[in-house]
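K.L.:
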Amino acid sequence: MATSNFISAVTQALKEEMERDDGVFVLGEDVGAKGGVFRATEGLYEQFGELRVLDTPLAESAIAGVGIGAAMYGLRPVAEMQFADFMLPAVNQIISEAAKIRYRSNNDWDVPITVRAPYGGGIHGALYHSQSLEALFASTPGLKVVIPSTPYDVKGLLKAAIRDPDPVLFFEHKKAYRLIKGEVPEEDYTVPIGTADVKREGEDVTVMTYGLCVHFALEAAEKLEAEGISTHVLDLRTVYPLDHAAVVEAARHTGKILLVTEDNKEGSVLNEAAATIAENCLFDLDAPVERLAAPDVPAMPYASPLEKHYMMNTEKVEKAIRELAEF
Amino acid sequence: MATSNFISAVTQALKEEMERDDGVFVLGEDVGAKGGVFRATEGLYEQFGELRVLDTPLAESAIAGVGIGAAMYGLRPVAEMQFADFMLPAVNQIISEAAKIRYRSNNDWDVPITVRAPYGGGIHGALYHSQSLEALFASTPGLKVVIPSTPYDVKGLLKAAIRDPDPVLFFEHKKAYRLIKGEVPEEDYTVPIGTADVKREGEDVTVMTYGLCVHFALEAAEKLEAEGISTHVLDLRTVYPLDHAAVVEAARHTGKILLVTEDNKEGSVLNEAAATIAENCLFDLDAPVERLAAPDVPAMPYASPLEKHYMMNTEKVEKAIRELAEF
Amino acid sequence: MSEAKHERLGLERQQLQGMLQTMLTARKIDERMWLLNRAGKIPFVISCQGHEAAQVGAVTALRPDEDYLLPYYRDMGMVLHFGMTVKDLMMAGFARAEDPNSGGRQMPGHFGSKKHRIVTGSSPVTTQVPHAVGFAMAGKIKKENFVCLTSFGEGSSNQGDFHEAANFAGVHRLPVIFFCENNHYAISVPVDRQIACERVSDRASSYGMHGETIDGNDPLAVYEAVKNAADRGRDGAGPSLIETMSYRLTPHSSDDDDRSYRSRDEVDDARKKDGIVTFTEYLKTRELLTDTEEKDMHDAIQQTIDEATEAAEEAAYAEAETTLDHVYHS
Amino acid sequence: MSEAKHERLGLERQQLQGMLQTMLTARKIDERMWLLNRAGKIPFVISCQGHEAAQVGAVTALRPDEDYLLPYYRDMGMVLHFGMTVKDLMMAGFARAEDPNSGGRQMPGHFGSKKHRIVTGSSPVTTQVPHAVGFAMAGKIKKENFVCLTSFGEGSSNQGDFHEAANFAGVHRLPVIFFCENNHYAISVPVDRQIACERVSDRASSYGMHGETIDGNDPLAVYEAVKNAADRGRDGAGPSLIETMSYRLTPHSSDDDDRSYRSRDEVDDARKKDGIVTFTEYLKTRELLTDTEEKDMHDAIQQTIDEATEAAEEAAYAEAETTLDHVYHS
Ligand SMILES: Cc1ncc(C[n+]2csc(CCOP(=O)(O)OP(=O)(O)O)c2C)c(N)n1
Ligand SMILES: Cc1ncc(C[n+]2csc(CCOP(=O)(O)OP(=O)(O)O)c2C)c(N)n1
Ligand SMILES: [Mg+2]
Ligand SMILES: [Mg+2]
């Protein structure tokens, strides 16, 4: 099995799906000759040509809307939003259209589109190249919101997203792109959308998180093991609709729960996990359900000390786990 | 004190604020000669003229964006979105711009805009004239999201919103417009944004809700009193940022909490209350924190039986309170 | 008398009568809907009245067996031509389970039927316009030769989605017909407070496409313009923007009272130019329609509508529990 | 030789030298930023290089004490003219607390200063365009007589916000100058894959406004066009769309490698037409600038930049805890 970095897993999934199904095509800004500003589509333009690796005008609502049209026709578009922050002009197309087309047409039409977008900070991207957008979409039935943490999951979940008959938003942490490496089988495989994954077994504290923060949790867990604190790490993977059963199970497993997100706290997707626990596991808990998140400010600032103050990291997670273990 | 219906309280607040401050102006689709599709701006065009009661082209992103510009200049625009559902094309202007301008300019610029929008269902509005949009905005620091339940609060909160130095989204339940009546002082007064309000004192179960659902809760409470069940009703009023202290206090007060929204369940704004309770009141609870909400489908269908199945009502709330009381 | 317009266009008696029949059917369904609404039997109507000539002229120039239609809420004349039946539309008016558009989930006027290549629409205006471009882009990728017609009002041409979609279609020279039904008002806002240019079709040059403005009361003129646009599309010459000038003869919808924003005189004047009246006259003058044929046509339509109304009124709603169905594939 | 262009425009030696000085200052700051970036001292640069002539020509036609500027990220030449200092810009490059634009919160190029009537900007392109219309609308309500200039790239003219804002300004005949700096690329996408019309200024007619395309390397031509647009605006004749044709001489930003999408020959050709080179030549040929003056100008700018760099490098970041400040009024 080959070791691959996070972004190569994206490229690999795209390439394999495009080879497998000639209805799959990529569209977005600079995805063609340039291969994407993060190089996610590198080599695809040369292999599949300009119609299937389509450089679009600079207009996100059209990227989404044209993709939705092509998906209704029967193709499998993979739309790239250059940064998650720049999906906002496309919100109407995503929420009013993609999410509601199957329902409003009483199952006559469907929208098998995948919308990929790099999210997250810690790369000096400032307010508008660092945001976590998942909370915005995680109250819209009809959508699925996937945020993978490992190259293995990236490849398997992206393939599953492309094959999914419904619209999937696929957020990739841009700091993970070249930082996170892992084993990625060269064969075809998928990882099921909608299922969380235990990334580490433990007994004292359960951390539930997703995306890059999974790695902070795993690193923290590793360190805390030396102190005799055993951490259970649940990678939510699909943040909407949430894998409620897995959340309940992992909560009951230790009775002490830390929810972690890089997003700001109030209104984050963690709340669905918290509410689920409060609704189902009240009598299994040994400590309050803790949320560890960014401060409630509009987005991550640019200057290093401010960005660092905002950004999640291993130390913050470690400290929170320790406090909960000691509760 | 005069009795007024819900929508007259809107009109009254607008009129008084426009008389008080000539920087206040209204803009939106059909707000002029027609007086708005719900008649919220009735009479204002005649009184204040076409520049201060501005019929805009059919383009919501421009309504928001032009309003933001005028607000930065120093005026106090009140933008009307004809239906909350049609705010979605303006999401980029609201979230990327209005919410972030003070922060990103390090307090140099500000955006004292109010965006009004009728939300909610039960009026045969089908998918796109019935939605609750608050969850979409309730994770964006820099915004305030207000949803009043009574004519008194409408007038006081809308005045507070217009005078607020920051952007306020003001959602008015369209079924409440002519259904809900109440006392409205003719004098000038404001109701503070950011504070929840106990609409009924009770001892057994706490219902936390907002908007039209407050009335379902009050009616249910009234009925249940006969059965000896005493219900405490907290009207959240500002759903973002939430009045966390009031939530904690009301939760501790009875130890049994029912959270109610007309919106669909997963990812709703109730989750912030649930998470706050799970974080702060774990050992004060006598029952799981219950959420009563619409099913997780894209939006309310048109046909009566389906709309009714989706829509919140007094009976559903009553049943849920009773179950919790008996827990 | 020089060659009549329909001869030049190669349209024959039967087709012409078919056009009139579709126009009349749309009109009469709509009239019935208003009666049903005022009688408290259906909650909402949004009308085609005044637009039928433009709509039917346009779709007559298309191929319903291969082209795609992405209509807006007024396009009853279009969807009838593409295969929607009177009964279908009545089922939608009554929000019954048998409504093929949405099973009663959407308001009337929210058309959609995969079978008929009518792409599902929503209420936020102009969102269908990029979808049309997406269908056309898919056709280009798949080397198909269909065209897509999408329609919208003049007010809606101010939405960002119109601009983004039109430009996309222009850059990729896609066979999309952007069909703007200019009826002078967007609810209460008149066109001169709505768009800054004289004609919506002036916008075509922004997107490197052909644009023209046609009398929407003349179905033959509209047919010709759309036929040429479709030909251009099939020939790889890219998109077109066709604007028809009509007038909305009813209030905006059953929830609107238009007296606050337009005079009765203006409405009465428009009624005189009604395309149904003038086209009937055109056919009769040229002996393409006899009085008997006309009467039979009216009677047949009336009967169909009566039957459809009855059937729809008696039909069932979807079961309440079906509210939960079809959020995702299952 | 007929009357020189600057004479016809009434621009005098001192003003002309001032224009060159601002152009040069912008260029040299940008060059320094690249050096600092490549030395690992600042994380990000987005450049004005190639646009300075257009930018400075444009703002010279405005009144910085009453007009409003809503620039985009390349407009260093504009903000310098509106009062931003070299030191201010270096503080922004280094993300220091003293950065007047954002206190180091935003990336460089995100200009804003209430004092200087430069309205705060963000990264999502084109959002500033409706804001400009909002300022102008406020001015109309308040019976003020200022104009607003907002700028953006040709790629950004495809955003819905451009369309909606331009139409709004057109309908209400607001004094907004829509200033499009066409540099042939939006990151890697060339203009012919980006916009379906030949020129962005072709879009003016969609909004009932005046439009023209100007050589962006000629600051005098740009001055003239913007002067006329500002005059029209102040006279109540509504908005204008001015497009300048320039070329981006650097990669899109410090994160971009432009070799994958454009040839070195093309870039070299553009360098020959660089407005800084040709305007210097214009001034020298007409004896409006001596060699000594030129050298002094370069030296003075260099020194200012050196000092500003040093000051900024030594200046402090904002305190980490200030991350929490200014979410709401307090
Ligand atoms: C995005 C959006 N905003 C507002 C509305 C409410 N609305 C419905 S129809 C309409 C007017 C449309 O005018 P026009 O495009 O001219 O079409 P017409 O109804 O005149 O045929 C408005 C404002 C909507 N449906 N969608
Ligand atoms: C809404 C949005 N989408 C994408 C981007 C990423 N992006 C930044 S600049 C740019 C290209 C802009 O091109 P153009 O408008 O021509 O301006 P130029 O950079 O060429 O001056 C892109 C795609 C963005 N900033 N905002
Ligand atoms: Mg209209
Ligand atoms: Mg460009």
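Protein chains in written order, with the numbering used here: chain Y, 1 to 327; chain W, 328 to 654; chain A, 655 to 984; chain C, 985 to 1314.
Virtual Cβ for every residue (Gly too), placed ideally from N, Cα, C.
Note that the structure is predicted; figures quoted are calculated from it, not measured.
(1) When burial is assigned at 16 or more other CB atoms within 10 Å of the CB, is C:His1194 buried or exposed?
(2) Give the DSSP-derived three-state secondary structure of W:Ala398 in the structure shown.
(3) Got a sec, what are the start and stop residues for the alpha helix (DSSP H) Y:Glu272 sits in?
(4) Go through its chain and collect everything with a Cβ distance to Y:Ala2's Cβ below 7 Å, but skip five positions before and after it.
(5) Taking 8 Å as the CB-CB cut-off, is Y:Leu292 touching chain C?
(6) For the alpha helix (DSSP H) that A:Lys926 lies in, which residues bound it at each end?
(7) If you measure from each residue's Cβ to the nearest non-hydrogen atom of ligand 4, which ones come out under 6 Å, in chain order?
(8) Taking A:Asn882 as part of the alpha helix (DSSP H), name the residues at either end of that continuous run.
(9) Is Y:Lys319 helix, strand or coil by DSSP?
(10) Look at A:Gly704 and A:Asp928 and say whether their C-beta atoms are less than 8 Å apart.
(11) Just to confirm, does Y:Leu88 get its C-beta within under 7 Å of one of the non-hydrogen atoms of ligand 1?
(12) Taking 8 Å as the threshold (C-beta atoms), are Y:Glu318 and Y:Lys223 in contact?
(13) Count the other CB atoms within 10 Å of the CB of Y:Phe48; is the residue buried (16 or more) or exposed (fewer)?
(14) Using DSSP bridges, identify the partner residues of C:Ala1199.
(15) List the residues of chain Y that A:Tyr781 touches, going by C-beta distances under 8 Å, in chain order.
(16) Could you tell me which chain W residues have their CB closer than 7 Å to the CB of Y:Ile277, listed as they occur along the chain?
(17) Within 8 Å (strictly less), CB to CB, does Y:Tyr103 reach chain A?
(18) Does any heavy atom of ligand 2 sit closer than 7 Å to the C-beta of A:Leu724?
(19) So does A:Ser777 have its beta carbon nearer than 7 Å to some heavy atom of ligand 1?
(20) For C:Phe1119, does the three-state DSSP call read helix, strand or coil?
(21) I'd like to confirm something about A:Glu897: is its beta-carbon nearer than 7 Å to some heavy atom of ligand 1, or not?
(22) Indicate whether at least one CB of chain C lies closer than 8 Å to the CB of W:Thr383.
(23) Thinking just about the alpha-carbon of each residue, which of A:Ala792, A:Pro778, A:Gly788 is nearest to the one in A:Tyr726?
(24) Could you tell me whether the Cβ of C:Cys1181 comes closer than 8 Å to any Cβ of chain A?
(25) My assumption, with CB atoms under 8 Å, is that C:Ala1296 sits in contact with C:Gly1077. Please give the rounded CB distance.
(26) For W:Tyr504, which three-state DSSP category applies?
(27) Give the single residue among C:Gly994, C:Leu1000, C:Glu987, C:Leu993 whose Cα lies nearest to the Cα of C:Glu1277.
(28) Assuming A:Ile831 is part of the beta strand (DSSP E), what are its boundary residues?
(29) Give the straight-line distance between the Cα atoms of W:Glu506 and A:Arg750, rounded to the nearest whole angstrom.
(30) Throw me the rounded Cβ distance for the A:Ile896 and A:Ile831 pair, which I believe falls under 8 Å.
(31) Is it the case that the CB of Y:Gln82 approaches a heavy atom of ligand 2 more closely than 7 Å?
(32) Against chain C, does Y:Ser304 count as a neighbour if the rule is that its beta carbon must be under 8 Å from one of theirs?
(33) Under 8 Å Cβ-Cβ, which residues of chain Y neighbour W:Leu454?
(34) CA-CA distance, A:Pro754 and A:Lys741?
(35) Indicate the three-state DSSP secondary structure (helix, strand or coil) for Y:Met311 in the structure shown.
(36) If we cut at 8 Å on Cβ distances, does C:Thr1069 have a partner in chain Y?
P.N.:
Quick answer:
(1) C:His1194 is buried by the Cβ-count criterion.
(2) In the structure shown, W:Ala398 sits in a helix (DSSP, three-state: H, G or I).
(3) Where Y:Glu272 is concerned, the enclosing alpha helix (DSSP H) stretches over 270-280.
(4) So the list reads Val184, Glu186, once near-sequence residues are dropped.
(5) For Y:Leu292, the answer is no, since every Cβ of chain C falls outside 8 Å of its Cβ.
(6) Element bounds for A:Lys926: 918-927.
(7) My final list is C:Gly1137, C:Glu1138, C:Gly1139, C:Asn1167, C:Tyr1169, C:Ala1170.
(8) A:Asn882 -> alpha helix (DSSP H) spans 873-888.
(9) Assigned with DSSP and collapsed to three states, Y:Lys319 falls in helix.
(10) Their beta carbons are under 8 Å apart, which means A:Gly704 touches A:Asp928 by this criterion.
(11) Between ligand 1 and Y:Leu88, a heavy atom-to-CB distance of less than 7 Å is absent.
(12) Contact flag set, yes.
(13) Buried.
(14) What sits at residue 1199 of chain C in the sequence shown is Asp, not Ala. Answer is C:Met1229, bridged to C:Asp1199.
(15) Reading the sequence as shown, one finds Thr at residue 781 of chain A and not Tyr. Those within 8 Å of A:Thr781 in chain Y are Gly65, Asn92, Gln93, Ser96, Glu97.
(16) Under the 7 Å cutoff, chain W gives Ala605.
(17) When Cβ-Cβ separations below 8 Å define contact, Y:Tyr103 makes contact with chain A.
(18) No.
(19) Answer for A:Ser777: yes, Cβ within range of ligand 1.
(20) Looking at C:Phe1119 - three-state DSSP - the assignment turns out to be helix.
(21) No heavy atom of ligand 1 is found nearer than 7 Å to the CB of A:Glu897.
(22) With respect to chain C, the C-beta atom of W:Thr383 has a partner C-beta closer than 8 Å.
(23) Here the closest residue by C-alpha is A:Pro778.
(24) Using a Cβ-Cβ cut-off of 8 Å, C:Cys1181 counts as an interface residue toward chain A, since at least one Cβ of chain A sits closer than that to its own.
(25) Right, the Cβ-Cβ distance comes to about 7 Å (below 8 Å), so this counts as a contact.
(26) Collapsing the DSSP output to three states places W:Tyr504 in a helix.
(27) Cα-wise, what sits closest to C:Glu1277 is C:Leu1000.
(28) Note, A:Ile831: beta strand (DSSP E), 830-836.
(29) The sequence given here places Leu at residue 506 of chain W; Glu does not occur at that position. Spanning the two alpha carbons is a distance of roughly 28 Å.
(30) The Cβ separation is near 6 Å, so the contact holds.
(31) If you check the C-beta of Y:Gln82 against ligand 2, you find a heavy atom less than 7 Å away.
(32) Chain C, which has a Cβ nearer than 8 Å to the Cβ of Y:Ser304, makes this yes.
(33) Neighbours of W:Leu454 on chain Y, chain order: Lys100, Tyr103, Arg104.
(34) Roughly 10 Å between the two C-alpha positions.
(35) Under the three-state reduction of DSSP, Y:Met311 is assigned to coil, being neither helix nor strand.
(36) For C:Thr1069, not one C-beta of chain Y is nearer than 8 Å to its own C-beta.
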